[in-house]
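S.K.:
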Amino acid sequence: MAEELSSPAPAPETEVQSEARFSYFESIGVIVGHGVGAGILSVPYLASRNPWWVVLLILLGAFAVNVLLHLMVAELSYRHGGAQFVQCLQKTIFKGKVGKVFTWIAFALLGLSVILNCCSYITGVATVFYNWFGLPMWAGMLIYYVFAGLIVFFGMKAVGISEKYCVFVLIAVMIMLLVVTFTVGLNPLPADFVHINNVLTLYGMISFALSSVMSVPTVVKGASGNKKQIRVSVISGTAINVGLVFLLTLITILACGKDITTDGALVDLSGKIGGWVGVVGYIFTILALSTSLWANTLNLRDILHEQFTKLPRRLCWVIVSLPCLGIALISLIPVFGASFVAFARVASVIQIITNLAIVVAYGVSRHRSPESPLLGKWGALGFQILVVTMAVVATVGSILTVY
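Basically our numbering = 1-based index in the sequence shown + 49.
Structure follows, in structure tokens:
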């Protein structure tokens, strides 16, 4: 692999240009920050329904597949000057007049998906403010939008710096919880195989918890096309996310045993260890959702800017972020609540379809220019098929019943 990756690689078709330059830690922070979120809190419950060795195998397998997927996205973006998803699709598989129609459909669907995901982040943090301080939901949404959402308004570098320091705090919180866990009575790790559904469902959730594909083009731009930095950021960021998932799962199972519920790992830990863990959980939740919000709105800002290059980036941020706040506020009206949940589910399906389309686009791009600047032989057709197959497995697993 070392010889393959060190072989001469083609320059990108368009020079990678960016509004800011990321350090290594900032690039890694963007990958970690996008990935860590609500998904990580659901893994311990599903892991408790599987033997511990199955959990380890799934973590390792999901790590390998996600690294391949993320590097495929990175290479596709690199080949097109750091372009975001829509531009990459337009330059590879959406050609001609019909291609323009599909480009705008992809733009609309991807935009809707990101907006609805950001709505859930705003709603999630507003719920924390309500539970912690008794703040009305609408007020929590407005305050959070102003103080957290504006990070993206100040630009890509501000996001990179914020993501980096938030990741340090998230890691520190996890280590603190691990130490405290050993002060209470420890439960044995699960050893019984229950049902194949549980295995597939766990894989689907871990894959979701590790996914940072939308932020990969941002890393490509932030690294100014530095191939070593891109690879290190993707592999290290995904590895850190695996580590966080593993630690939270281990902590929750050791502390709670079979008493893990679907309410979320930190809720269970708070009930077992003490109420102060609830405060830690609030902090963890706010940081985890904020890093995802920053990454998603930055990505959508850049997607819009690539389609309308004459629009200033800050105006693009306003255009993509205000609907997130507006829909989140509308979701507070009871008559719209159920529809909002339904749209959120549709958003996840759109993201899966987008990931599959990106792999197809990568395959087309690689067929045109077989030399690989980032993946080498690891991006060959067999590995593309593997990534697509495992994406389908993850999708199936996400809708199965847990036993």
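We put the CB at the ideal spot given by N, CA and C, even for glycine.
Run through DSSP, which three-state label would Val451 get?
M.R.: Residue state, collapsed to three classes: coil.
S.K.: Pick helix, strand or coil for Arg98, following the three-state DSSP scheme.
M.R.: Arg98 falls in the coil class under three-state DSSP.
S.K.: Cα separation between Gly327 and Thr232?
M.R.: Approximately 17 Å, taken between the alpha carbons.
S.K.: What first and last residue would you give for the alpha helix (DSSP H) that runs through Arg363?
M.R.: Counting along the chain, the alpha helix (DSSP H) containing Arg363 begins and ends at 362 to 379.
S.K.: So what does DSSP say about Gln66, is it helix, strand or coil?
M.R.: Here Gln66 sits in coil by DSSP.
S.K.: Which residue's Cα is closest to the Cα of Met254: Ala344, Lys213, Gln66, Met439?
M.R.: Considering only alpha carbons, the answer is Met439.
S.K.: According to the Cβ coordinates, are Cys168 and Ser380 closer than 8 Å?
M.R.: Taking 8 Å as the Cβ cut-off, Cys168 and Ser380 qualify as a contacting pair.
S.K.: Determine the direct distance from the alpha carbon of Leu342 to that of Phe202, and round the result to whole angstroms.
M.R.: Phe202 and Leu342: Cα-Cα distance of roughly 12 Å.
S.K.: Taking the straight line between their C-alpha atoms, what separation do you get for Val316 and Glu64?
M.R.: For Val316 and Glu64, the distance between alpha carbons rounds to 48 Å.
S.K.: To the nearest angstrom, how far is the alpha carbon of Leu259 from that of Ile448?
M.R.: So the two alpha carbons sit approximately 18 Å from each other.
S.K.: Compute the beta-carbon to beta-carbon distance between Tyr411 and Met121, rounded to the nearest angstrom, for a pair I have assumed lies under 8 Å.
M.R.: About 5 Å separates the two Cβ atoms, so the contact holds.
S.K.: My guess is that Arg415 and Gly428 are in contact by the Cβ rule of under 8 Å, so how many angstroms apart are they, rounded?
M.R.: Sure, about 6 Å apart at Cβ, within 8 Å.
S.K.: Whole-angstrom Cβ separation of Val262 and His354, contact assumed at under 8 Å?
M.R.: Not really, about 19 Å apart at Cβ, beyond 8 Å.
S.K.: Once DSSP output is grouped into helix, strand and coil, what is the label at Ser55?
M.R.: Bear in mind that the predicted position of Ser55 carries a pLDDT of just 38, short of 50, making it too unreliable to give a figure here.
S.K.: Counting only C-beta atoms, is Ala113 closer than 8 Å to chain B at any point?
M.R.: Going by chain labels, chain B is absent from the structure shown, which holds only one protein chain.
S.K.: Assuming Thr267 contacts Val116 (C-beta within less than 8 Å), just tell me the rounded distance between them.
M.R.: Between Val116 and Thr267 the Cβ distance is about 17 Å, and since that is not below 8 Å, they are no contact.
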